[in-house]
Amino acid sequence: MGAVTRARVPLGLFFGGFTLYVLGDMVATVAVPWLVLSETGSAADAGVIGGIGACVLLASSLVGGVVADRVGRQRVVVLAALGNGAAMALVPVVDGIASLTFGWFVVIGVLGAIFDGPGGAANEAFVADLCRSTGVTLERLNGVREGILHAAMLAGPALAGWGTAAWGASGAVTLTAVAFTLAALLLAAIRGVPRTGVPSAATSGYLSDALDGLRYLVREPALRAMGVIGAVEAMVLAPFTGVLLPAHMVVVGSPEGLGLVLTLFACGGLGGSVLFGFLSRPGRRRAWFVGSLAGTGLAFGVVAALPGQALLLTAVFVCGVAAAPISLIVNVLVQERAPDAIRARVFGLLGAVTLAAVPFGMFAVGLALQFLSVRATAIGTGVLYALLLLVWIFSPATRDLDGASPGTSVPGTDEDGGTVEVDEIKVRGTVVPVATLSRGPGEFRLWPSVGEYPVYDDVLYRFMGNDTVRNDAFHDAIGRLAGGALVADVGTGKDALWALAAARAGARHVYAVEELPVPLEKARKSVGEAGLADRITVLGGTSAGVELPERVEVCVSEVIGTIGSSEGAATVLADARERFLTPAGTCIPARCTTMVAAVRLDGAFPEGLAFHRTTLRYVEKIFEAVGHPFDVRVCLAGPVESLIVSSEAAVETLDFNGDLGLGDGTRARLTVTETGPVHAFVLWIRLQCRPGGDHVDSLRQTTSWLPVIAPLSAEGIPVEAGDTIDLEWRAVLSGDGLHPDYRITGEVVRPGRSTVPVEWTSYHHEPVFRATDAYRALFPVRPLSGSRTAGAEEAGKAASSAPAGPHGAGRASAVPDKAG
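Okay, here's the thing in structure tokens:
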């Protein structure tokens, strides 16, 4: 009850505040133009005021996202509501002490538009923050939010008419001021959502910050395509509903028909939003996207033919239902994929592009009507729109809509929690059942640790490229150390990020080394496209097998794992330092420390331990790369720090300019800080890219390095505050001579009670499979109720015959074995 109640309070406040905000906005949209006409008697004045407001809104959208990212999304949402309330409150104030002139209406319209741009971008971005803190899926929260918007589109004009009839237009506008103010109070009352915002001293100028959002959109094919789709939708639908349909209704003599069309389109949008919010699931966005485009194209084709009124109204409703998920998918993708630091400015740019597209559509339709009939123009518009939709359905840019981010995706579920299912993967002919969740369990998502294996794809590279915490730390170190130096970039990756950064920082020459063939060719392409092929030499092969033409003064490498040494950093960089660096050379990063603490996990996985469903392909790739199933190391995305119940300690320190040995073991003592159960250890890194630089903390910051979970006990070891956990950490190179195996042994010391031994072992590739309750939950022998698997029992029998290894793999799982 507690978690659900905690989620309902901020959600109730958000939905209540948003409802009042959009109702106020819709009432003002009707009441203010009416007031302008009644006070000035000039339709031209109303048009000019609307045009000025639209221009200011476009400008405020362009810079508003930067404001929201700097100041904080929740703060800006509240300020936008207060600003709009103040603008509307000017109407009765001025009306009471003077007269409402054209100039005053311009001031009021401009003031509201100034706040609408930042408010809109902040509201869209704040949804991601709200999902992260409440556990609701992005799909559901966006669907409900958009449904409220469409409901307001239906109710707003009616309220405006009722308010104007009851109290006059000035009274109706006063009502909107009250609504905006109440909205601000509700939105300000939301608690428990992490505050966002970057101090001005830590940012560049507003133009530079806005360009960061633009650069992100340019290099993200899916979001770039979505931006174009949104703009074209606006170019088509705005003039169609604002020009062509009114003109058609005049021709057929049905003025009431236009009201019915707009009402049914809004009703369809309300239905489509709710359907998407409650039926869509992560992993099925591509299907929703294609279905929405196809449905919109077909329905709009019927509408564009301007048939009889009954068929026209039906097609308009269907078009509203089908079109609604398109904008919702855009929202979800930006909220999930855009780096937290620039999310609002991405929304601001997309909104500005959409706003800018509308006048072009109006102009084009107006021009066409000078030469063609209304019906011919409508049919032409429909054919063009349908062709564009077909292009987007088959476009490569819109195929990658279901990739999930390990570090920055927003976890989510609804009040009922996730449903554990069993999927199948095949590993060299053997079927292996895997427990999965269609949506993240509460605030947390379980991932396999991928960095140790050759399974990188464009999705993982994109998330690393968008990891602003990691990237800023590396760029800072490279900018300070690479100027005028010879540089080696070991493991450059497909984007050659650090090689390009070093060249741009003034390095004399850069040697970029990449082992995997596909990233190697893409790295060469990235260097060529950057125009730096004369200053960067891309070499294929392992760092141990490559010989550089000359020794370098700086060696950059990002073979840092979720456990510092897990990707082979100690071995790779010790060799690179010996063979590549001059005696006075330096390594980037400088130091990496792996930390440990105890955690409790009760409530984190209420439906049973399971991988997030979108990570299933990586489990399969890892098993294929190794050649057999095994107990793959697992990581946890989400607010893991909230689970910690002890002090923390360092268990591994890699000094890349000093001692790089794995050592003979590290002893540490943790002090329990909370009474309750301990289920597991959590391991994370603190990385320093240069001496004296800031630390990257993978537990407390959102990065592409996720904390590792080391399960200890299914039921939990009962502890009291003040108890201690004495442990010993050992890392030994696995059979491949590169990647370590890890082991923690120790005991929980409980004064006055018996001590409890603890043990956890994690192999890089040994065929130890289903050795503990945790892994028997993740890879169940028997199908779950409702399972879709066919060969789970056979696969489980084959898996259970795998050797357990010399030390086992821990004594129990982190959660009860509900899935097995």
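Everything in the sequence shown is counted per numbering that gives the first Met the number 0, starting at 0 for the first residue and increasing by one. Positions of the beta carbon are idealized from the N, C-alpha and C atoms, including for glycine. Note that this is a predicted model, so its numbers are computed, not measured.
Query                                                                                                                                                                          : Result
Does the Cβ of Gly-155 lie closer than 7 angstroms to at least one heavy atom of the ligand FAD?                                                                               : Ligands displayed in this structure: none; no statement on the ligand FAD is therefore possible.
Could you have a look at Phe-17 and say whether DSSP puts it in helix, strand or coil?                                                                                         : helix
Within its chain, find whatever has a CB closer than 8 angstroms to the CB of Leu-310; leave out the 5 residues flanking it on each side and keep chain order.                 : Val-301
Please check the pair Ala-67 and Pro-220, which I expect to be a contact at CB under 8 angstroms, by giving their CB distance rounded to whole angstroms.                      : 25 angstroms between Cβ atoms; not a contact.
Alpha carbon to alpha carbon, how far is Leu-388 from Ser-394? Give it in angstroms, no decimals.                                                                              : 10 angstroms
Write down every uninterrupted run of the alpha helix (DSSP H) in the stretch 475-541 whose length is 4 residues or greater and which is fully enclosed by it, in chain order. : 496-503 and 516-528
Round the Cβ separation of Leu-354 and Ser-60 to the nearest angstrom and send it over; I've been treating them as touching at under 8 angstroms.                              : 6 angstroms
Measure how close the beta-carbons of Leu-216 and Val-345 come, nearest whole angstrom, since I'm counting them as under 8 angstroms.                                          : 6 angstroms
Val-75 to Thr-18, Cα distance in whole Å?                                                                                                                                      : 17 angstroms
Sort Tyr-741, Tyr-20 and Leu-129 by Cα distance to Arg-72 and report the nearest one.                                                                                          : Leu-129
Give me the residue from Val-551, Gly-483, Leu-269 and Ala-679 with the minimum Cα distance to Val-320.                                                                        : Leu-269
For Leu-348, does the three-state DSSP call read helix, strand or coil?                                                                                                        : helix
In angstroms with no decimal places, state the Cα-to-Cα distance between Pro-739 and Val-458.                                                                                  : 26 angstroms
For Ala-472, tell me which candidate among Ala-500, Glu-514 and Leu-515 has the shortest Cα-Cα distance.                                                                       : Ala-500
Go ahead and label Pro-405 buried or exposed: buried means 16 or more other beta carbons lie within 10 angstroms of its beta carbon, across all protein chains shown.          : Its pLDDT being 42, under 50, Pro-405 is placed unreliably by the model, and the measurement read from it follows with that caveat. That one is buried.
Quick one: is Leu-386 buried, meaning 16 or more other Cβ sit within 10 Å of its Cβ, or exposed?                                                                               : exposed
Spatial neighbours of Gly-662 within its chain, please: CB distance less than 7 angstroms, with the 5 preceding and 5 following residues excluded, ordered by chain position.  : none
Does DSSP classify Gly-558 as helix, strand or coil?                                                                                                                           : According to the sequence shown, residue 558 is Val rather than Gly. Val-558: coil per DSSP, three-state reduction.
To which residues of the same chain is Val-29 closer than 6 angstroms at the C-beta, ignoring the five residues directly before and after it?                                  : Pro-156 and Ala-159
Leaving out the 5 sequence neighbours to the left and right, which residues in its chain are closer than 8 angstroms to Glu-719 when beta-carbon positions are compared?       : Val-671, Thr-674 and Arg-749
Under the assumption that Ile-341 contacts Gly-212 (Cβ atoms under 8 angstroms), give the Cβ distance between them as a whole number of angstroms.                             : 5 angstroms
According to the neighbour-count rule (16 or more other Cβ atoms, all chains shown, within 10 Å of its Cβ), is Pro-756 buried or exposed?                                      : exposed
In the DSSP assignment, what residue or residues form a beta bridge with Val-595?                                                                                              : Ala-648 and Leu-682
On a CA-only basis, which of Gly-664, Ser-712 and Leu-705 is nearest Pro-676? Give me that one, please.                                                                        : Ser-712
DSSP three-state label for Ser-59, please.                                                                                                                                     : helix
Check Pro-220 in the structure and name its three-state DSSP category.                                                                                                         : helix
Any contact of the stretch 543-562 with the stretch 585-599, i.e. 3+ C-beta pairs under 8 angstroms?                                                                           : yes
Rounded to whole angstroms, what is the Cα-Cα separation between Ala-403 and Gln-334?                                                                                          : Reliability of the predicted coordinates at Ala-403 is poor, the pLDDT of 46 falling under 50, and the value obtained from them is presented with this limitation in mind. C-alpha separation (whole angstroms): 12 angstroms.
Let's test the definition: count the other Cβ atoms within 10 Å of the Cβ of Arg-689 and tell me whether it reaches 16, buried, or not, exposed.                               : buried
Are any of the Cβ atoms in chain D nearer than 8 angstroms to that of Ile-48?                                                                                                  : The question asks about chain D, but that chain is absent: this structure has only one protein chain.
Cβ atoms of Gly-108 and Gly-52: under 8 angstroms apart, would you say?                                                                                                        : yes
Would you decide whether Ala-502 is buried or exposed? Buried here means 16 or more other CB atoms lie within 10 Å of its CB.                                                  : buried
Under the DSSP definition of a beta bridge, which residues are partnered with Ile-96?                                                                                          : Ile-96 is not bridged to any residue.
How far does the alpha helix (DSSP H) with Glu-619 in it extend, from its first residue to its last?                                                                           : 615-625
How would you label Leu-580, buried or exposed, when you count the other beta carbons within 10 angstroms and need 16 or more for buried?                                      : buried
Under the three-state reduction of DSSP, which class applies to Leu-659: helix, strand or coil?                                                                                : coil
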